[in-house]
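Chains as they are written, first to last, in the numbering used here: chain A, 1 to 201; chain B, 1001 to 1191.
This is the structure in structure tokens:
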């Protein structure tokens, strides 16, 4: 039980796929202009990760070692196609704003990374927990960056205005440079926090 | 004129790294040294151009006539993955020198989202075959430009006095932010 909890929580901080391992950065930077997009992308990726981890851990023993990577990619691509069609059907708006980055979930290195490093070596139960942990960790990082960019760049959060009419915003945060700088500052902040914790301990 | 527009747009205005956010993982991962950055850049150019061309032909030739366009993602990634394998095998046989310099980057390329992204973009636009190959090639040139610029700066950063929390990765992101700001100067050049 303790084990399962640990598998789940490490995706959040100690092994956060984005902030610590620097995996899957393209969607992190590209779609985090608003908190809504960040959340949508995070959940879509979590769904794919959940599906691929489950199938891959279930079929790991059946796959010959030499063709395992192409096989993983096909499994992942199938789940991405499902998500793509679901989003297109139920939320055309989200589809519009995430655009190219929905099919690109296939090449999110976090998903293939989890398949190779975890799901192929562990049982289904733990792989599902791992998928939730990593997926939520990914979503958390996206939400953090996108909320920061939306607040600074547009003065709103989830499209709800925080300050009065016509706020003075830092437009650059909503533009590409804001994504790079925002993520840089978040990681630096995390490093500083960690160092402080270590010196306290 | 049309061709010039595609070139300028692919290299500067819609630069894959700074404007479209594609290929960020290799951009951050292998840009510590100038020569590895150049090696990665060439490997990407090779696979991106060839991959887009094959994907274009298969898309127009198979997926569209049979009305199964939703298979695009699955098919493209398979094309790219197998292409990377083929290129690796051929390079190993044909040119030892080239294999030694590009070899280690090839497996990384399968999960480089710039390759798949550009292949999809080249298909979405109303490009004909020639234009889509041109678009892919110059998108790759844009990638080389970005990663070489960045690697040059990172080599200098090694000796710079950076505040401890910002060491390594965070400062690289800040540098990328400034570079991307510079590239925003090109926007408006082409619609």
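Yeah, the Cβ is synthetic: ideal placement off N, Cα and C, and Gly gets one too. Just so you know, these numbers come straight off a predicted model, no measurement behind them.
message: Tell me the rounded alpha-carbon separation between residue 1002(B) and residue 94(A).
response: 32 Å
Nearest to residue 120(A) (by Cα), restricted to the options 58(A), 88(A), 179(A), 144(A): 58(A)
- prompt: Going by DSSP, what residues sit across from residue 156(A) in a beta bridge?
  reply: 161(A)
query: Can you list the residues of chain B that residue 195(A) reaches, using a CB-CB cut of under 9 Å?
result: 1164, 1165
message: Less than 6 Å between C-beta atoms, sequence neighbours within five positions excluded: which residues of the same chain meet that for residue 1151(B)?
response: 1031, 1034, 1037
- request: Look at residue 107(A) and residue 1025(B) and say whether their C-beta atoms are less than 7 Å apart.
  value: no
field: C-alpha distance - residue 1065(B) paired with residue 1059(B), whole-angstrom precision
entry: 9 Å
query: Comparing alpha-carbon positions, which option in 1083(B), 1128(B), 1096(B), 1124(B) lies nearest residue 1044(B)?
result: 1083(B)
message: Report the CB separation of residue 1056(B) from residue 1014(B) in whole angstroms; it is logged as a contact under 8 Å.
response: Between residue 1014(B) and residue 1056(B) the Cβ distance is about 19 Å, and since that is not below 8 Å, they are no contact.
message: Between which residues of its own chain and residue 19(A) is the CB-CB distance below 7 Å, once the five residues before and five after are set aside?
response: 141, 186, 187, 190
message: Using a Cβ-Cβ distance cut-off of 7 Å, determine whether residue 17(A) contacts chain B.
response: no
- request: Only counting runs of 4 or more residues, tell me where the alpha helix (DSSP H) segments fall wholly within the segment 74 to 114 of chain A, in order along the chain.
  value: 92 to 98, 109 to 114
- prompt: Are residue 155(A) and residue 163(A) closer than 7 Å when you measure CB to CB?
  reply: yes
task: Would you mind giving the Cβ-Cβ distance between residue 1179(B) and residue 1012(B), rounded to the nearest angstrom? I have them listed as a contact below 8 Å.
output: Going by Cβ atoms, the distance from residue 1179(B) to residue 1012(B) rounds to 12 Å, so no, they are not a contact pair.
- prompt: Are three or more beta carbon pairs between the segment 1083 to 1101 of chain B and the segment 125 to 132 of chain A nearer than 8 Å?
  reply: no
task: For residue 1180(B), go through chain A and note every residue whose CB falls closer than 7 Å to its CB, in chain order.
output: 176, 177, 180
Assigned exposure category for residue 150(A) - 16 Cβ within 10 Å defines buried: buried
task: Could you tell me the boundaries of the alpha helix (DSSP H) in which residue 1039(B) lies?
output: 1034 to 1058
- prompt: Between which two residues does the alpha helix (DSSP H) containing residue 1130(B) stretch?
  reply: 1129 to 1157
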